[in-house]
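See structure below.
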Amino acid sequence: MSSPCPRCHQGSVDRYLLVATSEQLFVCDECEAAWPDDRIDLIAFSQLTDVTEDRGLTPLWTELRKLGDDHDSSDPCS
């Protein structure tokens, strides 16, 4: 389920899978703020570019796959 972004107040925050590492992130589709878990606030975010580059990945949305609300977090490949 999308939630409004507390940082930019314009985008929606959704759950994504960082495909190369199987990490789940919450990312704003407007300002690209990223959170490692569902504690979405103004303090605990990073920029998606920093998250991907820190892992040796390209800073592109193609590194992500949007996850649905019914995604089983124990199986990142489902």
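The sequence shown maps to residues 132 to 209 in this note's numbering. Using N, Cα and C, we set each Cβ at its ideal position, and we do this for glycine too.
Pull up the DSSP beta-bridge partners for Ala-175, would you.
Your numbering for residue 175 matches position 44 in the sequence shown. Answer by DSSP bridge pairing: none, since Ala-175 is not bridged.
What residues are listed by DSSP as bridge partners for Pro-135?
Taking the first residue of the sequence shown as 1, we reach residue 135 at position 4. BP columns for Pro-135 point to Ser-143.
DSSP state of Val-150 mapped onto helix, strand, coil
The count along the sequence shown starts at 1 and reaches residue 150 at position 19. If DSSP states are grouped into helix, strand and coil, Val-150 belongs with coil.
What residues match up with Trp-166 in a beta bridge as DSSP calls it?
For the purposes of this step, residue 166 is taken as residue 35 along the sequence shown, with counting starting at 1. In the DSSP output, where bridge partners are listed per residue, Trp-166 has Phe-157.
Could you spell out where the beta strand (DSSP E) holding Leu-195 opens and where it closes?
What you label residue 195 is simply residue 64 of the sequence shown in a count that begins at 1. It spans 195–197 - the beta strand (DSSP E) in which Leu-195 sits, taken as one unbroken run.
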